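Below you'll find the structure, written out as structure tokens, and then a few comments.
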Amino acid sequence: MSSVPLTSVLLLFSIPVLLVEMGSSAIPSLPAVNGTCQTTCGTIPIRYPFGTGYGCGHPAFSKHIQCNFGTLQYYSTRSSNAYTISSIDYPSNTVIVTDPLMSNCTDMQNSGSFTLGDDTPFTLAKENIFVLLGCSTTSAMFDSREDFCDTGSGSRVCRGMYSCRGVTGIGLQQNAAISTCCVYDYPTGIGLGYSLDLPKLQCSSYASVYEFGDEGDPMKWKFGVSLNYNDSYYTDACKDCEASGGFCGFASLDESFSCVCNNGVNTTTNCLGQGNALSGTMPLKIQTVLTIRGLVVSWMLVLLQCS
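Using mature numbering (1 follows the signal peptide of the UniProt record, and there is no 0), the letters of the sequence shown correspond one by one to residues -25 to -1, 1 to 282.
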């Protein structure tokens, strides 16, 4: 029998490599950041339902939460606003966010609009007190028929804010008349998607206070927006994943539950099998490739023997 041309042998050797590459391209991307999901962002511990990147945590939170250079941020899908997450209290399901343009006693500046977006997994906590500063006296919110502003205890809050030196940042004198200040509690006036439209309300800036304590000094007030989320996201499957040392996440294709292990592999259950129980169809694709490779090698041996 005639010998097999060298080009034919080289072609046969190239087939398994090509098949392996084709099989790999069909494997869903792993939901991991630098191999695994991060458990901290800066000094903030990250636990489910939060995540530091796509595929980590719950998909409802993943579209809003990102870790950028050690800073955990909330992104509103309704606007381009990004708010810094300063703390997460997991036992009470509470998150504190701060708007870089929001005013406090030390620094007041013209603000844009505050919005969480219509698809947010958060709700405003009832502890929030919103203070609108430097408002036009012609604003519709001062309409007595609307009863929008709190003129009772809110007057104390306005006087406190206007006593701050930072009020000069919005063009007012320290201890200015509080007739341009409006205070309202949750949930009055926020509306759909938890949006605060300052230009529409004809106000220069806003502040949000989530804790006063017994302090009358506004320098000791805690500024930020307190948000709540429910714990229904924390399922038994996630608890089982975490018990095995994994991080709860989701598949990139259909957002189904995945358990992300330390080696970067995602499973549909937990990490006890070191990622052997892979999700999707990857094991079948690899087995098919290896079987074809074995047939190719067998063909080559027959051809070489016949030569």
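Every residue, glycine too, gets a C-beta built ideally from N, C-alpha and C. Here the structure is a predicted model, which means the values were calculated and not measured.
Can you grab the Cα-Cα spacing for the pair Ser111 / Ala152, in whole Å? Roughly 13 Å separates the two Cα atoms.
Unbroken alpha helix (DSSP H) run spanning Phe97, endpoints: Boundaries for Phe97: no alpha helix (DSSP H) harbours it, and the DSSP string shows neither H nor E there.
Less than 7 Å between the C-beta atoms of Phe222 and Cys12, yes or no? Yes; because the gap between Cβ atoms is below 7 Å, this pair is in contact.
Could you please give the first and the last residue of the uninterrupted alpha helix (DSSP H) stretch that includes Gly17? No alpha helix (DSSP H) holds Gly17; DSSP gives it neither H nor E.
Between the C-alpha atoms of Ser183 and Val240, what's the straight-line distance to the nearest angstrom? Rounded to the nearest angstrom, the two C-alpha atoms are 42 Å apart.
Please give me, in chain order, every unbroken run of the beta strand (DSSP E) with length at least 3 that falls completely inside the segment 9 to 75. Here the runs fully enclosed are 40 to 43, 46 to 50, 57 to 64 and 69 to 73.
Can you tell me whether Gly166 is buried or exposed, with buried defined as 16 or more other CB within 10 angstroms of its CB? Summary for Gly166: the model assigns pLDDT 44, below 50, so the residue's position carries little reliability; its value from the coordinates is reported in the next sentence. Within a 10 Å sphere around the beta-carbon of Gly166 sit fewer than 16 other beta-carbons, which makes this residue exposed.
Consult DSSP for Glu121 and reduce its assignment to one of helix, strand or coil. The answer is coil: DSSP assigns Glu121 none of H, G, I, E or B.
In the DSSP assignment, what are the bridge partners of Thr224? One point to set straight first is that residue 224 is Gly, not Thr, in the sequence displayed. DSSP, once it has assigned bridges, lists Cys31 and Ser233 as partnering Gly224.
Please state whether the Cβ-Cβ distance between Ser180 and Asn103 is less than 7 Å. Contact: no.
Short Cβ contact (7 Å threshold) for Leu171 with Phe89: Yes, these two residues count as a Cβ contact at 7 Å.
Locate the alpha helix (DSSP H) running through Tyr137, then write down its first and last residues. From DSSP, the alpha helix (DSSP H) with Tyr137 extends over Ser128 to Tyr137.
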